[in-house]
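S.K.: Input: one structure, supplied below.
In this note's numbering, the protein residues as written are 1 to 126.
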């Protein structure tokens, strides 16, 4: 088995990171994030949804039943968010990058003979 120095591993990690950052999936996500920054309507939809969602969660937290109109508005906003072109592009880009990373994780795990993702997590005693 070949031995690798810490420097070799760090260089490989940098190369891997650069390749991931330059991947089609990463570029698509960056473009979608920039588009969101320019789209006030999309930002307003997200803000309105988050505000309403927090109100509904607060009602549940206090063991109250949220107002029916709030629940209806939340459902309407969710549909609007999922069909808004800028937000749809963002969600699709996020999914594309997630799929890319999962594929890479599988390939790395197969090459190393270990579950790379499981061994990369922060450990704890509890």
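Heads up, the beta-carbon is just placed ideally off N, CA and C, and yes, glycines get one too.
1. Quick check: the Cα distance between residue 87 and residue 9, rounded to an integer number of angstroms?
2. Among 53, 60 and 85, which has the Cα closest to the Cα of residue 72?
3. Measuring CB atoms only, is the segment 77-97 touching the segment 35-49, in the sense that at least three cross pairs come out at less than 8 Å?
4. Identify the continuous alpha helix (DSSP H) that holds residue 8 and give its terminal residues.
5. Tell me the DSSP secondary structure of residue 85 in three-state form.
6. Where does residue 112 land, buried or exposed, given buried means 16+ other C-beta within 10 angstroms?
M.R.: Once the coordinates are examined:
1. When rounded, the separation of the alpha-carbon atoms in residue 87 and residue 9 is 37 Å.
2. Residue 53 holds the alpha-carbon nearest to the alpha-carbon of residue 72 among 53, 60 and 85.
3. As far as the Cβ criterion goes, the segment 77-97 touches the segment 35-49, which means the pair count is three or higher.
4. DSSP places residue 8 inside the alpha helix (DSSP H), whose first and last residues are 6-21.
5. Helix.
6. Counting every other CB atom within 10 Å of its CB across the protein chains shown gives residue 112 a total below 16, marking it as exposed.
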